[in-house]
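Step one of this worksheet: look at the structure below.
2 protein chains.
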Amino acid sequence: MTTELDATAAARLRDADQRYTTSRRQIVGILAEAGRPLTIAEVQAASGGLPQSSAYRNLAVLEQAGVVRRVLATDEFARFELAEDLTEHHHHLVCTRCGSVLDFTMSSALEEALERTARTVRARTGFTVQAHRLDLTGVCADCAD
Amino acid sequence: MTTELDATAAARLRDADQRYTTSRRQIVGILAEAGRPLTIAEVQAASGGLPQSSAYRNLAVLEQAGVVRRVLATDEFARFELAEDLTEHHHHLVCTRCGSVLDFTMSSALEEALERTARTVRARTGFTVQAHRLDLTGVCADCAD
DNA sequence: GCGCATTTTGAGAATGATTCCCATTTAGGT
DNA sequence: ACCTAAATGGGAATCATTCTCAAAATGCGC
């Protein structure tokens, strides 16, 4: 885990009147190393014994502080990743067979085209766009027969 | 509800060895008129007394038959819309305050650029892309102060 | 039209991810 | 070190969703 990530996470928790405790720091480290959204069970497994209630509570705290983002894919499990401004802008490959989620990035030309479109939406609909979310759904390499 | 939609829904249910019952037809009609994804509660309200268990069961049947698609947004409620090949290809505006979901469409140039990108993903990652899903998240007109 | 076999329905129970509760532990400031 | 406020963790509670099963509806052959 990079020092800046650690410092940024600490600062955001402080702004939210929350402490950057050992297990919160550990969760941030686990998500940083994963490079893909993790389920609660995966976070617990990687942590070696973090209680379920602490995992849920601390991920909720980190989410409210803007350190972590909740990702809903297709299965019944919520997944968590670092907030995008702490990593890189990216999108998700969602497997419709097993539910797994992988990260991927697109060309900046396409990203900019999306941004331009997003800016036109407000005038047309009254909806104020804050972010975009692009998932490609399909079958991951593991599930391909 | 258009006659073709009705016929297509009937055909898909038949292919799935399911009947196109009155309440299933009613649900299809409700979703067709809504023009946006509806929660179970909204479907029930529009139907005038459809029991919850029937709403869940019939939406699940319609989903398996490929007539209806389940949409996960940001709140805890699943929403349902007609399958895309029964309507038009579109995307969603997801309000982060109230959870509501609206439809919108993008230029075909941008859609084609997305498709081209999707086709490169398989070579790079081994993931076979079947569809894409683009949501713009933000604040809807109703929730804007 | 009539009964039979099969499917659908609906009310409530069961499930399971997530959230809440609260007594105990931990940590920060003085 | 002390004291106060916050965090922890085990388990209970919540709630959207799914399952169960007896009753009702439907389609089909005669």
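Chains as they are written, first to last, in numbering that gives the first Met the number 0: chain A, 0 to 144; chain B, 0 to 144.
Positions of the beta carbon are idealized from the N, C-alpha and C atoms, including for glycine.
Please read all numbers here as calculations on a predicted model, not as lab measurements.
Task: Interface residues of chain B facing A/C139 [CB-CB closer than 9 Å] - done: T124, G125, F126 and T127
- [ ] Buried or exposed for B/C139, please, with buried defined as at least 16 other CB atoms from any protein chain shown within 10 angstroms of its CB.
- [x] buried
Open item on the list: Using 8 Å for Cβ pairs, my map puts A/L58 next to A/F76. What's the rounded Cβ distance?
Closed with: Between A/F76 and A/L58 the Cβ distance is about 12 Å, and since that is not below 8 Å, they are no contact.
TODO: With distances taken Cα to Cα, identify the nearest neighbour of A/A45 among A/R35, A/I29, A/G34 and A/Q129.
DONE: A/I29
- [ ] Measure the alpha-carbon distance for A/A33 versus B/L4 and round it to whole angstroms.
- [x] 44 Å
Task: Own chain partners of A/Q43 with C-beta closer than 7 Å, once the 5 adjacent residues on each side are dropped - done: L49, Q51 and A54
Task: Strand pairing of A/R134, partner residues [DSSP] - done: Reading off the sequence, residue 134 of chain A comes out as Asp, not Arg. Paired residues: A/H91 and B/R132.
Task: Own chain, CB closer than 8 Å to B/E87, minus 5 neighbours either side, in chain order - done: T104
TODO: Give, in chain order, every residue of the stretch 61-75 of chain A whose Cβ lies closer than 9 Å to some Cβ of chain B.
DONE: R69, L71, A72 and T73
- [ ] Determine the DSSP secondary structure at B/T86, reduced to helix, strand or coil.
- [x] coil
Open item on the list: Just to confirm, is the Cβ distance from A/T127 to B/A72 under 8 Å?
Closed with: no
TODO: Would you give the residue range spanned by the beta strand (DSSP E) that A/D5 belongs to?
DONE: Looking at the DSSP string, A/D5 is not in any beta strand (DSSP E); the run it does join, the alpha helix (DSSP H), is T2 to D14.
Task: Short CB-CB distance (under 8 Å) between B/D144 and chain A - done: no
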